[in-house]
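In terms of our numbering, the sequence shown opens at residue 47 and continues consecutively.
The beta carbon of each residue, even a glycine, is placed where N, CA and C say it ideally should be.
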Amino acid sequence: MKPHLENALDYLLLAKQESQDSSFERSQMLNKAIENISQLLTELEEEGQWTPPTPYDFSIADLLIEACQNP
């Protein structure tokens with residue numbers, strides 16, 4: 047579980063850095079972040095370990111939304 051979350055955060059930070067350089071690379075980083083979050087949620091659901099979102103989860107969602115909205 048933790049590697050997917052760490053990877054997602056890494057990709058979000060890279061996307062934020064790439065926003066000034068290349069929209070294509072930024073888009074790739076955002077897609078990878080979304081993939082990692084999706085993998086994390088799928089694994090948790092399959093293992094029966096899904097729990098309601100925490101404030102930390104909402105922070106990650108906020109970062110993702112911000113990264114997607116700011117070109």
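Taking 4 residues as the shortest admissible run, the region 70-115 contains the following complete alpha helix (DSSP H) segments, listed from N- to C-terminal end: 101-115. Contact between the region 55-62 and the region 72-91 is established, with three or more Cβ pairs separated by less than 8 Å. Here A107 is exposed: its Cβ has fewer than 16 other Cβ atoms, across all protein chains shown, within 10 Å.
For L110, the CB contacts under 7 Å within the same chain, skipping 5 residues up- and downstream, are L58 and A79 in chain order.
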